[in-house]
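In what follows, a structure is listed as C-alpha cells, so that the remarks can point back to it.
As C-alpha cells, then:
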C-alpha cells in the first residue's frame, strides 16, 4: 500500500502550534501530504516551523487552498472527522471500519477548525464521517491528537496490507474533480428550469446532492454517463 495516496486536510485551522504538531504527527507515521484550507494564521510562520520540530519538510511541501472544493478535486475518497454523530444521510464509520476502505485510491482525512469543527455543508463534501470513540461526556480531542490517532491506525492497516474491498483494477473510480464537473452540469440544468424556487433552500439541496453522489462510489465511466444524461436533458428543453 502506498502512503503517498493519503492526505490530511486541515480546514480553517486557527493555531500555528496545532498546524506544526499535525505536521509532526504526519511525519511520525511516514505520511507526507498536508493540505490547508484558509488557515487563520499567516502560513508558514515561525511558530508553525518551531512546533513541527523535525517535520519542516512536511510544512514546506504542503499545499494551501482558498476553498474546500478545490482542495479535494483530485481526491477519490474524503473522510471527514467529527466528534459527534451527524443526522445526515452519510455513512458514519469508526476507526475499526477503516479496514474496509480501499487505500489504493487517493484518500483524504478532513479535519475542522479547533473552535467549531466541520459544518454540515463542509461534511457534505465527504464520502464518510469518522468518529473516534472517546469519553461520551468529554468527546472533543485536540486537532493534532485526533490526527495522530488516525495516522497511527491507518499506518497499522497499511502495514498489514489489509484491503477487503476487491474491485477490478480495470474499473477506474471517479475522482472528486469528475464528480464536481458532473454536479455542475446537473446544477446548471436545474437552475435553468427554476428548480430552486426557494433560494434560501438551495444550500441545503446542494448539500443533499453532494451527499448522494459522493457516497455512491461512482466509477469514471458511470460519471461520464450521468454527465451525458444531464447534458442531454438540458438540450431537449
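In my numbering, the protein residues as written are 8 to 244. Glycine included, every Cβ here is placed at the ideal spot set by N, Cα and C. Values in this document were obtained by computation on a predicted structure and should not be read as measured data.
*List the endpoints of the continuous beta strand (DSSP E) containing residue 44.*
40-44
*Flag this pair as touching only if the stretch 178-195 and the stretch 153-168 have three or more C-beta atom pairs under 8 Å; answer yes or no.*
Remark: fewer than three beta-carbon pairs, one from each stretch, lie closer than 8 Å, so the stretch 178-195 and the stretch 153-168 are not flagged as touching.
*Mind checking who residue 248 pairs with in its DSSP beta bridge?*
Residue numbering for the chain in the displayed model covers 8 to 244; residue 248 lies beyond these limits and cannot be assessed.
*Pick helix, strand or coil for residue 14, following the three-state DSSP scheme.*
strand
*Please name the residue or residues paired with residue 163 in a DSSP beta bridge.*
Answer by DSSP bridge pairing: none, since residue 163 is not bridged.
*asked:* Mapping the DSSP letters down to three states, classify residue 106 as helix, strand or coil.
replied: helix
*Select from 15, 145, 114 the residue whose C-alpha is nearest the C-alpha of residue 70.*
Residue 15 is the option with its Cα nearest to residue 70.
*Exposed or buried, which one is residue 151 when buried takes at least 16 other CB atoms within 10 Å?*
buried
_Buried or exposed for residue 97, going by 16 or more other Cβ atoms inside 10 Å?_
buried
_Enclosing beta strand (DSSP E) for residue 77 [first to last residue]_ = First-last for residue 77: 75-78, but that is the alpha helix (DSSP H), not the beta strand (DSSP E).
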